[in-house]
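Report on the structure given below.
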Ligand code: NAD
Ligand code: UDP
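In the numbering used here, the protein residues as written are 21 to 360.
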């Protein structure tokens, strides 16, 4: 049997881009996804892009029997764990659903991995675990803070579970990747972000205004202590992010224990700068109105990316204009996402 990489949540936005990167670099890939927030079409598109197919298993990461069977039937060398729920607002209304999926799901996955003798894990974490740091840029040496919602807390708690696990048994080799704000789409326009209902995140919202599905963007807060009063974030192209996963996977092959890496660009852009850059790339006008701050939002957040550069030999290469052009290409070629 050939070695494969298991990608949980591999049909989703970030996972599908990582699947493409893995297939293109010659890895065999197994995707486990229950499709609760995605479509298997993303994997057909991954095949169109790469000419290679991942094995797809439709199922839940919390299904221990299924995981045991998967590990028996396939020789898995490492696991990239994307499966989880990510809607901040929903997590406040249904916290148990989030703790169950994101924490219990991760614990069950680690138990199944250990019993199959698989000890290499890359976990999708988030800059939200830093809470509201006093200083920018955010480096991995900063203490984690207090995320403002159950989604963020589920990421922080899972990190803590994985830290305890790595300290308890030297066979584990774990990467915690803290993403800043992933945006953009594959340059082919074949895969991209396909949010369910009205988007919560800035760029999918802007692109739906551009295509005429939404009337206007609400800018949450114009009185932040930032360059123009609007919130500042470190937006990173999803293909750069995907390449960071490949590098992290290579790094944990040689390292033991737990390692934390920020995946960001080191640059912050305001909401107004994002609107302007999108208008330029798409040649459309984005109607917007200013509104009060969104509860739980921080003023600004950007990464110190040097640890990843030094230790992984990775840095984000794509520009803000690349992010906008690729988002717009995906949105205009697929106005209804993966729904035909
Ligand atoms: P996504 O919703 O597009 O992808 C998650 C995938 O996991 C989906 O395909 C979904 O169907 C699947 N899934 C969810 N629960 C599952 C379960 N119990 N069993 C099997 N499959 C399940 O989200 P994404 O943006 O691609 O995010 C991927 C990961 O990265 C998530 O863990 C998310 O929390 C994390 N993350 C995302 C962002 C972001 O802004 N997109 C930022 C930081 C961290
Ligand atoms: N934002 C906004 N309008 C929206 C969505 C987001 O003004 O409809 C702002 C938000 O306040 C933040 C930035 O855009 O300053 C990025 O928000 P997003 O939800 O994409 O990511 P977050 O960093 O909050 O996870």
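Glycine included, every Cβ here is placed at the ideal spot set by N, Cα and C.
Check                                                                                                                                  : Outcome
Pair within 8 Å by beta-carbon distance, residue 57 and residue 212                                                                    : no
Residue 311 - containing beta strand (DSSP E), residue span                                                                            : 308 to 311
contact_flag[the segment 334 to 348, the segment 253 to 269] where n(CB pairs < 8 Å) is 3 or more                                      : yes
Per-residue burial, residue 178 [other beta carbons within 10 Å of its own, 16 or more giving buried]                                  : buried
For residue 334, three-class secondary structure by DSSP                                                                               : coil
Segments of 3+ residues assigned as beta strand (DSSP E) that fall wholly inside the segment 202 to 250                                : 237 to 240
Cβ shell of residue 302 (< 6 Å), same chain only, five flanking positions each side left out                                           : 230 and 348
Residue from 28, 45, 65 and 49 whose Cα sits closest to the Cα of residue 55                                                           : 28
Beta-bridge pairing of residue 281 - partner residues as DSSP gives them                                                               : 197
Residue 288 CB to nearest heavy atom of ligand 2 below 7 Å                                                                             : no
Check whether residue 104 and residue 125 have beta carbons under 8 Å apart                                                            : yes
Residue span of the alpha helix (DSSP H) that contains residue 155, given as start and end                                             : Run containing residue 155: none; DSSP gives neither H nor E here.
Given 8 Å, three or more beta-carbon pairs between the segment 63 to 72 and the segment 279 to 296                                     : no
beta-carbon residue 191 near ligand 2 non-hydrogen atom, thresh 7 Å                                                                    : no
Coil, strand or helix - residue 76 by DSSP                                                                                             : strand
Residues sharing a beta bridge with residue 256, DSSP                                                                                  : 202
CA nearest to the CA of residue 193, picked from 157, 134, 155 and 237                                                                 : 134
Proximity winner among 324, 334, 76 and 216, relative to residue 266 (alpha-carbon distances)                                          : 334
Check whether residue 118 and residue 174 have beta carbons under 8 Å apart                                                            : yes
Neighbourhood of residue 115 by C-beta, 8 Å cutoff - its chain only, sequence neighbours within 5 removed                              : 170
Residue 253: CB within 7 Å of a non-hydrogen atom of ligand 1                                                                          : no
Beta-carbon gap between residue 282 and residue 195 smaller than 8 Å                                                                   : no
Rounded separation between residue 272 and residue 96 - CA only                                                                        : 15 Å
Beta-carbon gap between residue 101 and residue 62 smaller than 8 Å                                                                    : no
Closer than 7 Å: residue 321 CB and nearest ligand 1 heavy atom                                                                        : no
Contacts around residue 208, its chain only, beta-carbon distance under 7 Å, and the 5 residues preceding and following it disregarded : 69
Residue 102: CB within 7 Å of a non-hydrogen atom of ligand 1                                                                          : yes
Close beta carbons around residue 204, own chain, < 6 Å, minus the five adjacent residues each side                                    : 257, 258, 343, 346 and 347
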